[in-house]
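2 protein chains.
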Amino acid sequence: MNEYRFEDIHKGLTESFTVTVTADMMEKFKDITGDVNPMHTDSEFASAHGFDDRIAYGMLTSSFLSTLAGVYLPGRNSLIRSVEVKFPKPVMVGDELTVSGEVTDVNDEGRFFDMKIAIRNQNGEKVCRGKMQIGVLE
Amino acid sequence: MNEYRFEDIHKGLTESFTVTVTADMMEKFKDITGDVNPMHTDSEFASAHGFDDRIAYGMLTSSFLSTLAGVYLPGRNSLIRSVEVKFPKPVMVGDELTVSGEVTDVNDEGRFFDMKIAIRNQNGEKVCRGKMQIGVLE
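Line by line, the protein sequences give chains P and R. The numbering of the first sequence is my numbering, which starts it at 1 and goes up by one. The numbering of the second sequence is my numbering, which starts it at 1001 and goes up by one.
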């Protein structure tokens, strides 16, 4: 786990990691949320609506932003204040996602920073993009 | 599971449900994401930073928006396009959350709608607020 201090955070600082979406993650996410929507559980339903297979929960994809902030940037001293995400392309079970963040602004008075985020699949396609605002604990 | 059709969606339409945050959800969320940040796993660390106990992952709280869209509004025909959330207050394990959404705008051409969302704890305090844009399948 990274342990960036607030003083270490500067515009342009980046971190990223890679994770593969598994059927077990989908099952656990369904258990947590109770979201039994067939788009995420039923390949036939998803196919009937133009997708190759059932698609991953968008909020599962964005849950990796928790890891980006809490483990990577800033890591240990993280406290997420806000998150904005768009989902331009679907994520499938088995996709290998690269989750990356880049600091775009630092607020010294409030001890928080803004981060631009992007999640790309194994083909380099952006499946999630947005921004986060993250406080840094003393 | 609700099955609102696009034609049923109108400004002011609301749905809500209640869910209690459990230690098991926290464990499953950690398994999915690999977010081992001590704010969510270590009561002493959280106390040292001014919280009563370890706090729930913000992205776990917001994962219930998956359920709000996919099960309640519109339910079966849901496809989340974007999400914006802020976390004004911490959520603790054991908190009973009321997750609610209200349609604020409907886009006929794009077959999507905007929804204002709020998540409140058992004391009526808003722990998450924001908005979502949701497409409705034919």
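A virtual CB, placed ideally from N, CA and C, is assigned to each residue, including glycine.
| request: Tell me, please, whether the CB atom of Leu137 (chain P) is closer than 7 Å to any CB atom in chain R? | output: Counting from 1 along the first sequence, the entry for residue 137 (chain P) is found at position 137. Leu137 (chain P) counts as touching chain R.
| query | Roughly how many angstroms separate the alpha carbons of Ser62 (chain P) and Lys126 (chain P), rounded to a whole number? | reply | Your numbering for residue 62 (chain P) matches position 62 in the first sequence. Your numbering for residue 126 (chain P) matches position 126 in the first sequence. Pairing Ser62 (chain P) with Lys126 (chain P), the inter-Cα distance amounts to about 13 Å.
| message | By the 8 Å beta-carbon criterion, what residues does the stretch 79-108 of chain P contribute toward chain R? | response | Listed in sequence order: Leu79, Ile80, Arg81, Ser82, Val83, Glu84, Val85, Lys86, Phe87.
| field | Residue environment, Ser47 (chain P), which counts as buried when at least 16 other CB atoms sit within 10 Å | value | Residue numbering aside, residue 47 (chain P) sits at position 47 when the first sequence is read from its first letter. The residue is exposed, with fewer than 16 neighbouring Cβ atoms inside 10 Å.
| chain P partners of Gly1110 (chain R), CB-CB under 7 Å? | Indexing the second sequence from 1 puts residue 1110 (chain R) at position 110. None at all; the shortest Cβ gap to chain P is about 14 Å.
| message | Strictly by DSSP, which residues pair up with Ala1023 (chain R)? | response | For the purposes of this step, residue 1023 (chain R) is identified with residue 23 of the second sequence, where counting begins at 1. None, per the DSSP bridge assignment.
| request: Would you mind sorting Lys11 (chain P) into buried or exposed? The rule is 16 or more other CB atoms within 10 Å of its CB. | output: Within the first sequence, residue 11 (chain P) is the residue found at index 11, counting from 1. Lys11 (chain P) should be labelled exposed.
| field | Secondary structure of Phe1051 (chain R), DSSP reduced to three states | value | Position 51 of the second sequence, counted from the first residue, corresponds to residue 1051 (chain R). In this structure, Phe1051 (chain R) counts as coil in the three-state DSSP scheme.
| request: Return the chain-ordered list of same chain residues with a C-beta closer than 6 Å to the C-beta of Gly1070 (chain R), the five sequence neighbours on each side being excluded. | output: Counting from one through the second sequence, the residue named residue 1070 (chain R) turns up at place 70. Closer than 6 Å at the Cβ level, and outside the excluded window around Gly1070 (chain R), lie Ser1078.
| request: Note down, in chain order, each residue of its chain lying with its Cβ closer than 6 Å to the Cβ of Tyr57 (chain P), except the 5 sequence neighbours on either side. | output: Within the first sequence, numbered from 1, the residue matching residue 57 (chain P) stands at position 57. The beta carbon of Tyr57 (chain P) is closer than 6 Å to those of Phe29, His40 in its chain, skipping five residues each way along the sequence.
| query | What does DSSP give as the partner residues of Ala1118 (chain R) in its beta bridges? | reply | Along the second sequence, one-based indexing puts residue 1118 (chain R) at 118. R:Ser1100, R:Arg1129.
| For Val127 (chain P), which residues in chain R fall below 9 Å Cβ to Cβ? | Here residue 127 (chain P) refers to the residue found at position 127 when the first sequence is read from its first residue. Result: empty, since nearest Cβ-Cβ is about 13 Å, beyond 9 Å.
| task | Check whether the stretch 96-104 of chain P touches the stretch 1094-1107 of chain R, taking contact to mean three or more Cβ pairs, one atom from each stretch, closer than 8 Å. | result | Because the criterion of three Cβ pairs below 8 Å is not met, the stretch 96-104 of chain P and the stretch 1094-1107 of chain R do not touch.
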